[in-house]
Ligand code: WT7
């Protein structure tokens with residue numbers, strides 16, 4: 001039996017107590033696609049509306065006129081659904097368990113405290129002149145203030161744009177500028193793996209860049225007390241301004257389609273795109289998926305190991321869990337510090353029932369052998385989740401057997417920044433699991449596979465993954481550039497949302513995501529555009545041309561492989577490789593660090609000058625026997641040189 005045919009049936013025990021079993025999935029799924037209006041009208045009741053919506057779905061994927069509206073006449077405030085409505089029933093329950101980088105640091109924040117802190121910051125934001133529709137950039141450590149900042153923005157109708165703390169000053173500047181952001185909230189430093197990251201210094205540097213003049217203030221949380229520069233006319237200490245504010249703040253009445261947040265992500269071309277997510281549909285979808293896919297039961301401790309800088313942190317650390325009145329764990333550090341047992345130790349320390357993490361983290365632990373889990377028992381675990389990239393069956397089995405003690409189902413959740421929430425995943429009481437497969441669509445989601453011409457492939461098939469109709473959590477646009485939104489997602493295959501992923505459907509109708517089919521890399525679950533890295537490289541004076549491809553990497557899933565053609569007269573050297581590596585890290589951030597640089601006297605191009613990445617990918621992956629047709633190349637001899645001088649032997 002091949003790994004791919006292995007099936008883990010739903011356990012009877014689990015199904016008996018789960019929110020959804022096989023039958024219920026079938027009937028609810030059927031209803032959700034037969035009668036989306038009726039289905040979502042009912043589901044919308046799970047959040048608190050000021051004015052309940054009567055118009056449910058008004059969406060078109062027609063590429064002349066992509067227009068997506070859910071619950072469009074409803075009004076609400078997302079922070080009320082996440083906070084106020086829990087005060088009476090669970091005000092003293094822990095909302096956020098914070099686990100610091102240092103294992104000695106932890107704290108519990110109740111719903112009542114979170115509500116008060118959110119209101120205080122909301123009042124402080126108003127004092128800084130921030131109001132409805134203004135964009136606030138968050139560049140923060142994984143501390144409760146990050147969630148407070150998101151919710152405080154939501155409370156006054158400001159739009160948050162969270163930028164991952166690992167991005168460089170230039171990347172941060174680009175996002176501040178792109179969103180016309182008037183305020184940045186940050187901390188003096190963040191702490192990860194015992195090391196300080198100079199967040200405030202990075203903000204200072206970002207704000208010297210052109211186009212960031214729009215940013216008037218920087219609000220700074222004192223996290224470490226480390227030394228920072230201070231600009232009196234611009235910088236404000238968080239504790240100075242926030243602690244004195246009233247702990248009540250009226251919530252702004254927002255339309256369901258008013259923006260809640262922008263989140264930048266990389267595409268195959270151009271600069272990162274700021275996806276626009278709106279309020280009502282997003283919140284309903286984040287909360288519904290969180291409850292059903294993680295089978296969240298009242299009182300359980302739920303831990304998603306993502307950073308709030310990514311969409312996973314938005315939907316499944318903050319909005320989904322808090323809307324559901326859950327206890328959500330937020331971890332400041334890294335899984336390898338102080339030792340590789342940390343993840344298991346945190347599970348034991350806080351009684352975590354549900355652990356949602358990434359294949360790259362699992363593979364990194366697995367590389368140290370089963371003994372890395374000896375420092376913990378993990379008896380509290382009931383369910384495991386995976387996200388970010390395809391999980392290889394070997395890592396799946398290790399996650400199941402070693403971390404989950406062979407008793408926890410795994411939900412392999414497929415989704416994207418653009419989708420707002422999970423689209424394809426097991427419901428753990430309803431689906432038999434196959435390691436490596438994200439299994440079946442969530443309610444209301446209509447996946448399909450198409451060939452390169454856009455013809456739908458039925459039954460068992462391998463093709464490009466598209467979604468045929470809208471779901472409430474979907475991004476509505478790209479901030480400031482709706483044409484690009486239409487062009488990127490709705491023009492490849494007319495009338496369909498194109499995911500950019502390849503996918504296979506098996507004889508049980510299960511979906512197996514095979515990875516990106518465009519020029520987007522997935523490095524340790526972080527998404528990166530090859531074009532972005534290339535444009536960074538060619539800005540260096542030694543580089544005439546650069547081509548970036550992914551190659552299989554044991555831990556990261558994909559590594560970054562770079563072919564560089566040097567400017568005439570520049571000599572290749574190891575020092576230059578180091579310099580170019582530093583250049584990209586500084587320009588984009590450490591997550592874009594090249595793994596391999598190969599000097600390329602020439603790049604394989606078609607006669608019309610297009611770089612043939614297919615060939616470069618094969619060389620990087622050392623699959624040089626199957627290069628396919630190279631006869632259309634302008635100069636086939638460059639390929640021989642590249643193979644001969646492959647940088648990994
Ligand atoms: C891309 C989206 C959505 C949360 C994190 C990433 C890949 C994500 C899976 C999965 C196979 C996956 C896809 C997708 N991906 N989850 N369970 N199985 N592939 O969000 O940065 O927007 O990246 O990540 O290729 O298109 P993102």
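In full-length UniProt numbering, the protein residues as written are 1 to 649.
Cβ atoms here follow ideal geometry from the backbone N, Cα and C, with glycine treated the same way.
- Between the alpha carbons of residue 136 and residue 600 lies a gap of roughly 43 Å.
- Relative to the Cα of residue 647, the nearest Cα in the group 577, 301, 498 belongs to 577.
- Straight-line measurement puts the Cα of residue 111 at about 5 Å from the Cα of residue 91.
- For residue 572, DSSP assigns no beta-bridge partner whatsoever.
- With the rule of 3 Cβ pairs closer than 8 Å, the segment 22-42 counts as touching the segment 437-447.
- Out of 119, 491, 107, the CA that lies nearest to the CA of residue 241 is found in 119.
- Using a C-beta cut-off of 8 Å, the segment 282-297 makes no contact with the segment 56-65, since fewer than three inter-stretch Cβ pairs fall below that distance.
- With a 10 Å radius around the Cβ and a threshold of 16 neighbouring Cβ atoms, residue 414 comes out buried.
- Taken in chain order, the complete beta strand (DSSP E) segments of 3 residues or longer contained in the segment 236-313 are 259-265, 273-278, 301-304.
- The DSSP-derived three-state label of residue 192 is strand.
- Between residue 560 and residue 581, the alpha-carbon positions lie close to 11 Å from each other.
- The beta carbon of residue 180 lies closer than 8 Å to those of 135, 214 in the same chain, with the five residues before and after it left out.
- When the Cα atoms are used, residue 533 and residue 584 turn out to be separated by approximately 7 Å.
- Residue 321 has its alpha-carbon roughly 15 Å from the corresponding atom of residue 383.
- Burial check for residue 353: the Cβ neighbour count within 10 Å reaches 16 or more, so the residue is buried.
- Within 10 angstroms of the beta-carbon of residue 123 lie 16 or more other beta-carbons, which makes it buried.
- Nearest to residue 331 by alpha-carbon distance, out of 432, 97, 405, 196, is 97.
- Residue 327 has its alpha-carbon roughly 7 Å from the corresponding atom of residue 300.
- Around the beta carbon of residue 464, 16 or more other beta carbons lie within 10 angstroms, which makes this residue buried.
- Boundaries of the alpha helix (DSSP H) around residue 17: 12-17.
- The way I'd put it, the segment 309-323 does touch the segment 267-286; three or more beta-carbon pairs between them come closer than 8 Å.
- Inclusion of residue 217 and residue 169 in the CB contact set at 8 Å is not warranted, their separation being larger than that value.
- Set against 7 Å, the gap from the CB of residue 103 to the closest heavy atom of the ligand WT7 is not smaller.
- Taking 8 Å as the cut-off, the Cβ atoms of residue 602 and residue 565 count as close.
- Taking residue 207 as reference, the option from 518, 227, 183 with the minimal CA-CA separation is 183.
- Straight-line measurement puts the Cα of residue 475 at about 23 Å from the Cα of residue 140.
- Counting every other CB atom within 10 Å of its CB across the protein chains shown gives residue 259 a total of 16 or more, marking it as buried.
- In this chain, the beta strand (DSSP E) harbouring residue 161 covers 159-162.
- Counting only the Cα atoms, residue 619 lies some 27 Å from residue 361.
- Nearest neighbour of residue 554 by Cα position, chosen from 457, 621, 494, turns out to be 621.
- Here residue 318 is buried, its C-beta having at least 16 other C-beta atoms within 10 Å.
- Secondary structure at residue 586: helix, using DSSP grouped into helix, strand and coil.
- Counting every other CB atom within 10 Å of its CB across the protein chains shown gives residue 234 a total below 16, marking it as exposed.
- Here the alpha carbons of residue 597 and residue 542 stand approximately 14 Å from one another.
- For the pair of segments examined, the segment 254-269 was found to touch the segment 513-524: the number of CB pairs separated by less than 8 Å reaches three.
- Closest in alpha carbon position to residue 329, among 402, 633, 552, 142, is 142.
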